[in-house]
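First residue of the sequence shown: 260, per our numbering; consecutive thereafter.
Here's the structure, in structure tokens; my notes come after.
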Amino acid sequence: MQRYFIDQPFDEQNLSVISGDDSKHIVKVMRMTEGQEIVTVYGGIAVVSTIEEILDNQVIVSRQRELEQLTEMPVSVTLACGLPKGDKLDLITQKGTELGMKRLIPLATSRSIVKWDPKKGVKRVERLQKIAKEAAEQCHRNEIPEIMPVQTVKQMIDYAATFDVKLFADEEDAKSDMPHKIADRLKNVYHGQSIVVVFGPEGGLAREEAVLLEDAGFLPVSLGPRILRTETAPLYTLSAMSYEFE
């Protein structure tokens with residue numbers, strides 16, 4: 260069944276409203292009619308709902324039964340990604356959502372060629388949030404990953420101070436005689452913990468940034484002997500975590 264995230268809970272009559280682009284999608288794209296069933300999600304709970312009435316810009320739905328689905332990663336994974344060129348962050352957002360990320364932090368690093376001014380940053384975050392929502396609906400998640408405003412490395416370090424596990428992908432570590440393999444780093448991670456993983460843009464993290472991260476308790480991690488593209492590394496990491504925990 261088609262899945263939609265709704266903005267308001269069901270009322271005392273077990274009714275709720277779908278509006279905006281989602282209502283247009285139900286009527287114009289899916290060409291659904293009254294009496295058909297969809298899945299609505301609010302507050303992390305998925306519910307089978309029936310379309311009761313189709314109005315001009317709204318679809319009224321009624322709650323039928325709750326779905327018991329475990330579609331979220333058993334660990335909370337935040338990706339902090341150096342601002343890449345082009346639409347690579349779109350890809351990371353879409354595929355990262357499919358692979359179970361909880362949150363994405365666009366990261367302004369010293370080697371980021373792309374710069375986001377405040378106005379452009381707000382629009383980009385809104386675009387990425389929409390991509391995350393659509394991907395979450397497509398892959399039947401019960402939560403939409405949060406796309407945070409762009410942060411500097413120092414701001415991200417402050418934000419991540421309370422995380423249980425803090426890692427950063429380090430090319431220099433991968434080249435060393437005794438690299439810290441991701442499988443080894445994940446051995447001491449348990450269900451319910453929060454993880455943040457930092458990735459550099461094209462060209463990777465500058466050494467002074469790596470030192471800054473290590474001083475703040477971030478552990479270097481190797482993603483294998485091959486150098487991965489900036490859009491590949493986060494997806495590789497999420498895949499490894501899915502294999503380990505799911």
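Every residue gets a Cβ at the ideal spot worked out from N, C-alpha and C, and that includes glycine.
Source: prediction; values computed, not measured.
Neighbourhood of residue i by C-beta distance below 7 Å, restricted to the same chain and skipping five residues each side
{"i": "residue 462", "result": "370"}
{"i": "residue 484", "result": "433"}
{"i": "residue 313", "result": "286 and 293"}
One or two residues paired with residue i in a DSSP bridge
{"i": "residue 304", "result": "301"}
{"i": "residue 340", "result": "365 and 458"}
{"i": "residue 335", "result": "453"}
{"i": "residue 481", "result": "440"}
{"i": "residue 372", "result": "In DSSP, residue 372 forms no bridge with anything."}
{"i": "residue 329", "result": "Note: residue 329 sits in no beta bridge, so no partner."}
{"i": "residue 323", "result": "The partner list for residue 323 (beta bridge, DSSP) is empty, contrary to what the question assumes."}
{"i": "residue 264", "result": "300"}
Nearest-angstrom beta carbon gap, residue j and residue i [assumed within contact, 8 Å]
{"i": "residue 390", "j": "residue 353", "result": "5 Å"}
{"i": "residue 494", "j": "residue 355", "result": "7 Å"}
{"i": "residue 275", "j": "residue 269", "result": "5 Å"}
{"i": "residue 310", "j": "residue 291", "result": "6 Å"}
Spatial neighbours of residue i in its chain, beta-carbon cut-off 6 Å, leaving aside the 5 residues before and after
{"i": "residue 477", "result": "425 and 427"}
{"i": "residue 400", "result": "330"}
Beta carbon of residue i nearer than 8 Å to that of residue j
{"i": "residue 489", "j": "residue 458", "result": "yes"}
{"i": "residue 358", "j": "residue 497", "result": "yes"}
{"i": "residue 325", "j": "residue 308", "result": "no"}
{"i": "residue 373", "j": "residue 343", "result": "yes"}
{"i": "residue 298", "j": "residue 267", "result": "no"}
{"i": "residue 409", "j": "residue 438", "result": "no"}
{"i": "residue 504", "j": "residue 300", "result": "no"}
{"i": "residue 338", "j": "residue 416", "result": "no"}
{"i": "residue 363", "j": "residue 406", "result": "yes"}
{"i": "residue 479", "j": "residue 368", "result": "no"}
{"i": "residue 506", "j": "residue 289", "result": "Absent from the structure is residue 506, since the part of the chain shown begins at 260 and ends at 505."}
{"i": "residue 469", "j": "residue 436", "result": "no"}
Same chain only: Cβ atoms within 8 Å of residue i, ignoring 5 sequence neighbours per side
{"i": "residue 423", "result": "448, 452, 453 and 454"}
{"i": "residue 273", "result": "321 and 322"}
{"i": "residue 386", "result": "349"}
Below-8 Å beta-carbon distance, residue i vs any chain C residue
{"i": "residue 486", "result": "Protein chains in the displayed structure number just one, and chain C is not present."}
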